[in-house]
Amino acid sequence: GQQLNQSPQSMFIQEGEDVSMNCTSSSIFNTWLWYKQDPGEGPVLLIALYKAGELTSNGRLTAQFGITRKDSFLNISASIPSDVGIYFCASLKGNAGNMLTFGGGTRLMVKP
Amino acid sequence: DTGVSQDPRHKITKRGQNVTFRCDPISEHNRLYWYRQTLGQGPEFLTYFQNEAQLEKSRLLSDRFSAERPKGSFSTLEIQRTEQGDSAMYLCASSLTASNYGYTFGSGTRLTVV
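Chains as they are written, first to last, in my numbering: chain A, -2 to 109; chain B, 304 to 417.
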């Protein structure tokens, strides 16, 4: 079945540092989504990508849809303590139901 | 109504008991999804509704699980004869049919089976 591999699994960084995480798959996808999940809450959509090569920013966040359509990365610049959480990539294969497949997540910890 | 609402937020139950969770989607959203998330993993799709019709069910949804959306608004997810392996966060999400964005998730119901 579909599988999204996220790396790294966890990161412990100093406040102010930039962060980069990525997501790869053996399958081609039409859409890449990046979500953030805080403890005890549901995932919240950060960025959506729809076209190969697309680069999209949302404040300090930047994400790119890989040219091969099999990968995506998310960068966070100048991290702050509230960036702590789990970041998930998710894909949408364009099926009728719009079911999402999620990666295993990258846990980000920020040291003030 | 500004988001997806789930109730209860937490549920502790003894093995073998039945439990039911409720989800109230964003009012104009006609699609409603249930996902399950175990510790350290991403959410996994369980089932979805278009209005009141249940259109897709994952193999994860064993015959002990049943979901309904009787009037196309709120939905319930029932687990019968709970097992310890059912312990997880159960997430509900909703969207508009034509949307190819990710959907809006609720805060989830955390189930612990003891």
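Note that beta-carbon positions come from the ideal geometry of N, C-alpha and C, so glycine has one too.
Bounds of the beta strand (DSSP E) holding R334 (chain B) are R334 to Q340. For S410 (chain B), at least one C-beta of chain A is nearer than 8 Å to its own C-beta. Distance from the CA atom of L105 (chain A) to the CA atom of K360 (chain B), rounded to whole angstroms, is 32 Å.
Straight through space, the alpha carbons of F99 (chain A) and Y336 (chain B) are spaced by roughly 14 Å. Nearest to T412 (chain B) by alpha-carbon distance, out of A:W29, A:L30 and A:G39, is A:G39.
Between the alpha carbons of N27 (chain A) and F70 (chain A) lies a gap of roughly 15 Å. In the structure shown, G63 (chain A) adopts coil according to DSSP, grouped into three states.
Rounded to the nearest whole angstrom, the CA to CA distance from E14 (chain A) to K33 (chain A) is 18 Å.
The C-beta of M96 (chain A) comes closer than 8 Å to at least one C-beta of chain B. L394 (chain B) sits close to Y338 (chain B), with the two beta carbons spaced by under 8 Å.
Residue contact with chain A for Y351 (chain B): present (Cβ-Cβ distance below 8 Å to some residue of chain A).
Below the 8 Å Cβ cutoff, chain B contributes S410 and G411 as neighbours of E38 (chain A), in chain order.
Of all residues in the stretch 345 to 374 of chain B, only G345, P346, F348, Y351, L358 and E359 place a beta-carbon less than 7 Å from a beta-carbon of chain A. Taking 8 Å as the CB threshold, L394 (chain B) lines the interface with chain A.
At least one C-beta of chain A is nearer than 8 Å to the C-beta of S398 (chain B).
The beta carbon of T21 (chain A) sits closer than 6 Å to those of N2 and D68, all from its chain and outside the five residues before and after it, given in chain order.
At a Cβ-Cβ threshold of 8 Å, E347 (chain B) and L363 (chain B) count as neighbours.
Counting along the chain, the unbroken beta strand (DSSP E) around K33 (chain A) starts and ends at T28 to Q34. For R325 (chain B), the enclosing beta strand (DSSP E) stretches over residues V322 to D327.
Taking the Cβ atoms as the reference, N72 (chain A) lies roughly 11 Å from T53 (chain A), outside the contact range of under 8 Å. Straight-line spacing of the CA atoms in K48 (chain A) and H313 (chain B) works out to 39 Å. Pairing A396 (chain B) with F408 (chain B) gives a Cβ-Cβ distance under 8 Å.
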